[in-house]
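Peer 1: Pasting a structure here, questions to come.
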Amino acid sequence: MECQCVAVLHGHRYNVYDCAFSPGGSHVAAVSSDKTVQVWRTSDGENVAVLRGHTTYVYAVAWAQDGRILASASQDTTVRTWEPFSQPPRCTRIFAMAMGTVASCAFSPDGMWLVA
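This is the structure we're talking about:
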């Protein structure tokens, strides 16, 4: 398979650590050392959401299967869930982890479980 760059998505100010396409491919989310989760529409590259709340680096992002919920994992020892398409976009849950930096997260295929 041959790959080529078709777009450069602007928004993050510092290192990007993870990115993920939404289940239908209509959006892409990325997380960064700038403490944000950002979402772009793939059809035109427009930044449609900047999600703020983490207090330090964000290392991982994952979409729920329905494409309406995002999860993010951070060095601030939290995992957050977000509704990036609500008006305004909002954090729906904050899970405080006792073990320190959270570097990964994933939803189960049915969307019932979130692991980190």
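Its first residue numbered 1, the sequence shown is counted upward by one per residue in the UniProt record's numbering. Note that the Cβ used here is the ideal one computed from N, Cα and C, for glycine as well. Treat the numbers as computed from the prediction; the structure is a model and nothing was measured.
Using the DSSP secondary-structure output, state which residues sit across from Trp63 in a beta bridge.
Peer 2: In DSSP, Trp63 forms a bridge with Leu70.
Peer 1: Going by beta carbon distance, what residues of the same chain come within less than 7 Å of Val37, once the five residues before and after it are set aside?
Peer 2: Excluding residues within five positions, the ones whose Cβ falls inside 7 Å are Ala29, Val31, Leu51, Val58, Val61, Leu70, Ser72, Trp82.
Peer 1: Sort Pro88, Ser86, Asp18, Thr92 by Cα distance to Lys35 and report the nearest one.
Peer 2: The option with the nearest alpha carbon to Lys35 is Asp18.
Peer 1: Rounded to the nearest angstrom, what separates Arg68 and Cys91 at their Cα positions?
Peer 2: Approximately 12 Å between the Cα atoms of the pair.
Peer 1: DSSP beta-bridge partners for Asn47?
Peer 2: Its beta-bridge partners are Trp40.
Peer 1: Tell me which residues share the same chain as Ala106 and place their Cβ nearer than 6 Å to its Cβ, disregarding the 5 neighbours each side in the sequence.
Peer 2: Correct list, in chain order: Ala62, Val115.
Peer 1: With a cut-off of 8 Å on the beta carbons, I'd call Met97 and Thr78 a contact; round off their distance for me.
Peer 2: Correct: roughly 7 Å between the Cβ atoms.
Peer 1: So, Asp66 versus Gly111, is the Cβ gap smaller than 8 Å?
Peer 2: Yes, they are a contact pair.
Peer 1: For the beta strand (DSSP E) that contains Glu83, what are its first and last residues?
Peer 2: That run of the beta strand (DSSP E) goes 78-83.
Peer 1: Could you check the C-alpha separation between Pro23 and Glu2 for me, to the nearest Å?
Peer 2: Straight-line Cα distance between these residues: approximately 22 Å.
Peer 1: Report the option in Thr56, Ala64, His54, Ser86 whose CA atom is closest to the CA atom of Val48.
Peer 2: Selected option, being the one with the closest Cα: Ser86.
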